[in-house]
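Number of protein chains: 2
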Amino acid sequence: MIYADYNGSAPLLPCVKDYLKRRLETDLFANPNAIHSMGQKIYSGIEKCREVISKSVGCYPDQIFFNSGSSEGISHILFSCLEYAPKNKKIIIASGIEHAVIPSALKYYEERRGFEIKKVDVNQDGVIELESLYKLIHEFNSSIALVTIMAANNETGALQPIRDISQLCQENNILFFSDTTQLIGKGDFHFEDSGIDFAVCSGHKVGALTGSGFILAKNPTLLRSYIFGSHQERGLRGGTQNYMAIETLAVALDDFMKNKNKLPLLEEARKKFEAELKKDFLDCRIIGENAQRLAGTSLISYPGIHGQAIQIELESHNIFVTTSAACSDNQPETSHVLKEMKIEDDIGRGVIRLSLSYHQNQNDYEMILKALAQAFNKLKKIKAY
Amino acid sequence: MIYADYNGSAPLLPCVKDYLKRRLETDLFANPNAIHSMGQKIYSGIEKCREVISKSVGCYPDQIFFNSGSSEGISHILFSCLEYAPKNKKIIIASGIEHAVIPSALKYYEERRGFEIKKVDVNQDGVIELESLYKLIHEFNSSIALVTIMAANNETGALQPIRDISQLCQENNILFFSDTTQLIGKGDFHFEDSGIDFAVCSGHKVGALTGSGFILAKNPTLLRSYIFGSHQERGLRGGTQNYMAIETLAVALDDFMKNKNKLPLLEEARKKFEAELKKDFLDCRIIGENAQRLAGTSLISYPGIHGQAIQIELESHNIFVTTSAACSDNQPETSHVLKEMKIEDDIGRGVIRLSLSYHQNQNDYEMILKALAQAFNKLKKIKAY
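Chains as they are written, first to last, in the working numbering: chain A, 1160 to 1544; chain B, 1160 to 1544.
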């Protein structure tokens, strides 16, 4: 089997599985906030994990706030920045290629809180135009409550110029949130160096347990309670800490740290795969081809062949891919990301997304290439009728 | 070892551990929203769990919304009911014995949304006074946005008259949310029969994985998005579904269904334990003694002896208890629940909470009694100095 849907969800890493198997043999299950020794042991385990994770993502341990994942993290950050924004700051700058959480949350702040959203332009490779952001910042400067632009796109894998964006925001004293869900555990990321004010992580995107994750906050005093509760996570995230999942986050991000030197090889294999695919199938298109992308992400379209047809063919070879973002995978239309990139429907409906992990390599790409070539050859005949 | 902190957190049930060990041997880890067969298998697993859980809690499957647990569930329900309340409804009726999430959330709605909180009286056994609720409802009737009263108190175990409350609320067309975190998986509960509008569950209170849980909504159209996202949980709870944790919720609540006939025996053993303790230690006090309580919960105080001292003594016998609610366990003062019950500080600071599960029995209580008697005898001598 080749699993090629890491941007949708990463299966548990082998080291995480091993950890969990050993963990289940212990009797250490209790409330980390209890004063008995079991509770205290679990609590100190959480703090050790915070240390490990801080090293992996380049921040101070007390800049990490554990939660249930990025959808919660994004909702929490937007609430903190927008609900508590000064009254004169009613402009939000966002890209049109954000993950579904962002537009759905922004709609709420637009409709019920009187915010106005200004969209930054995106080029044909799915990368935001800095010039467009620059203009918006200069036009709306002191009325801007927040700039929200993701770090790596979930569909195309296109990396966004987050350092340039954070520099621009810092110069203008504007808060910058970057959805780093697809970058953490898949590419180079260092929170402090990035200059971002808020970032997020989902455990299930990095090979840890689903339902885990965290917020990174440069200045934690800007965070406000969203999931209410007691003093957990310094009063900023109520609910009994999901300690076993937090432990798997530390195991997974530590594994990434130890293996991220494999990323250049993965990227090279991906580029070779894409080049060979295009050589054999002249009509085939790689979306975001010229963008710097996540090492293992390709969004591929063959005009006139529906992505789902290709997905099914690949599955008959035991290769698992999706047609776009997992969470909108059963919507048979061009995604909002591709529309934003002005991709024609004929191309947009035909896409399949391959997203591989740092533990995969050229062998996987070779097998995928073979199966994909067979699928294209078969389906283009059907298309011709 | 005797673990007696089930109201704080239930260790994973043995059947849940077994399930997880087998589950980790599979390769079925993917995004349940993906169209490939792995995603679809996981998705249909979630829906099977919804069926199992619906039977255990007495509701329709589509009244269940999976989330990360009760703190999220409560925050979500309060947001749905209060943020979207008609403008003329600005009164919230709440008890003063609610779990910390509720007062901290209500403070937000009071300070930033102009709501006013009216507290319903509580008797000396920690049970709300229906007469007091009746008066408040008649005084504020059409301006009441919500009544929020828990089903079973986490510290005393006192059961609240939720059927009477829901009847009163229904007669007056008022929404009633009951925090059922401590009742589900520990006592008799049937959502439909209860008449409650909204209820919540936390996985780690029922022996499932931490970081899992759900909302029950009588009328799901009253729920609004709080954790934003895509179409997950019918568009009402964003974020990739925590499928493995949901699976453990089904395993745990099914185990409860099969074993809840053990509850009367547990209650009998608890009553016998309490009677013997009081016989041997005349000064000893059981808080909420005359209330109907969760079968395995006792909140015990020995005036002048600090609860933490008893907790440490018991731990030397490998018995794990807490001094009050786990999440405020390291605050050395009388809890807000006991203050509300007008318990004097001398008693309030001395409490230890024993909370046992339906898998425990008279043997456990006998061992606890022996250790507790030793602790009391030792510590009351120190107290005398």
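Every residue gets a Cβ at the ideal spot worked out from N, C-alpha and C, and that includes glycine.
| Check | Outcome |
| --- | --- |
| Boundaries (first-last residue) of the beta strand (DSSP E) holding E1275 of chain A | 1275-1279 |
| Among B:F1357, B:V1286, B:H1235, B:A1244, the one whose alpha carbon lies nearest that of V1216 of chain B | B:F1357 |
| Of the residues A:L1172, A:L1183, A:S1203, A:D1338, the one placed nearest Q1400 of chain A, counting alpha carbons only | A:S1203 |
| For D1164 of chain A, the residue or residues it bridges with in DSSP | A:S1514 |
| Selection of the region 1171-1190 of chain A by Cβ proximity to chain B, strictly under 8 Å | L1171, K1176, L1179, K1180, L1183, D1186, F1188, A1189, N1190 |
| L1241 of chain B vs L1305 of chain B beta-carbon contact at 8 Å | yes |
| Between the CA atoms of I1261 of chain B and E1269 of chain B - distance to the nearest angstrom | 12 Å |
| Contact set between the region 1462-1477 of chain B and chain A, restricted to residues whose Cβ is under 8 Å from the partner | Q1467, Q1470, E1474 |
| Residue closest to F1139 of chain A, alpha-carbon to alpha-carbon, out of A:A1434, A:C1328, A:G1167, A:L1375 | This structure leaves residue 1139 of chain A out entirely; chain A is present only between 1160 and 1544. |
| N1477 of chain A versus G1198 of chain B - alpha carbon distance | 14 Å |
| Contacts that Y1402 of chain B makes with chain A (C-beta to C-beta distance below 8 Å) | T1369 |
| In DSSP terms, what L1458 of chain B is bridged to | B:I1446, B:R1512 |
| G1198 of chain A, DSSP secondary structure in three states | helix |
| Best match in A:F1225, A:I1201, A:K1200 for proximity to I1212 of chain A [C-alpha to C-alpha] | A:F1225 |
| Selected residue, minimal CA-CA separation from S1494 of chain A, among A:G1228, A:F1535, A:G1466 | A:G1466 |
| Cβ-based neighbour list, Y1461 of chain A, same chain, cut-off 8 Å, excluding 5 preceding and 5 following | F1440, D1442, C1443, R1444, I1469, G1509, F1535, L1538, K1539 |
| Close-in-space but distant-in-sequence residues of the same chain around I1446 of chain A (CB under 6 Å, 5 per side omitted) | T1315, L1458 |
| Spatially closest choice to K1277 of chain A from A:A1409, A:Q1326, A:I1296, by CA coordinates | A:I1296 |
| Beta-carbon proximity of G1362 of chain A to A1404 of chain A, cut-off 8 Å | yes |
| Residues that L1375 of chain B bridges to, as DSSP identifies them | B:I1223, B:A1358 |
| Three-way DSSP call (helix, strand, coil) for S1229 of chain B in this model | helix |
| According to DSSP, residues forming a beta bridge with R1452 of chain B | B:A1317 |
| Spatial neighbours of D1523 of chain B in its chain, beta-carbon cut-off 7 Å, leaving aside the 5 residues before and after | I1161, L1515 |
| Inter-stretch contact (C-beta, 8 Å, three-pair minimum) for the region 1310-1327 of chain A and the region 1277-1288 of chain A | yes |
| Rounded straight-line distance, which links the Cα of D1221 of chain B to that of G1232 of chain B | 16 Å |
| CB contact below 8 Å: M1526 of chain A versus chain B | no |
| L1305 of chain B: first and last residue of the uninterrupted beta strand (DSSP E) it sits in | 1303-1307 |
| T1482 of chain A to K1498 of chain A span [Cα, whole Å] | 15 Å |
| Through-space distance from T1307 of chain B to N1418 of chain A, alpha-carbon basis | 50 Å |
| 8 Å Cβ cutoff met for L1172 of chain B and G1366 of chain B | yes |
| For T1369 of chain B, three-class secondary structure by DSSP | coil |
| Buried or exposed by the 16-neighbour rule on C-beta atoms within 10 Å, applied to A1434 of chain B | exposed |
| I1386 of chain B and S1230 of chain A closer than 8 Å at C-beta | yes |
| Supposed contact pair F1415 of chain A and G1164 of chain A - C-beta distance, whole angstroms, cut 8 Å | Just to set this straight, residue 1164 of chain A is Asp in the shown sequence, not Gly. About 18 Å separates the two Cβ atoms, so there is no contact after all. |
| Proximity of A1546 of chain B and G1346 of chain B at Cβ, strictly below 8 Å | What is shown of chain B runs 1160 to 1544, which leaves residue 1546 of chain B out entirely. |
| Cβ of T1315 of chain B within 8 Å of any chain A Cβ | no |
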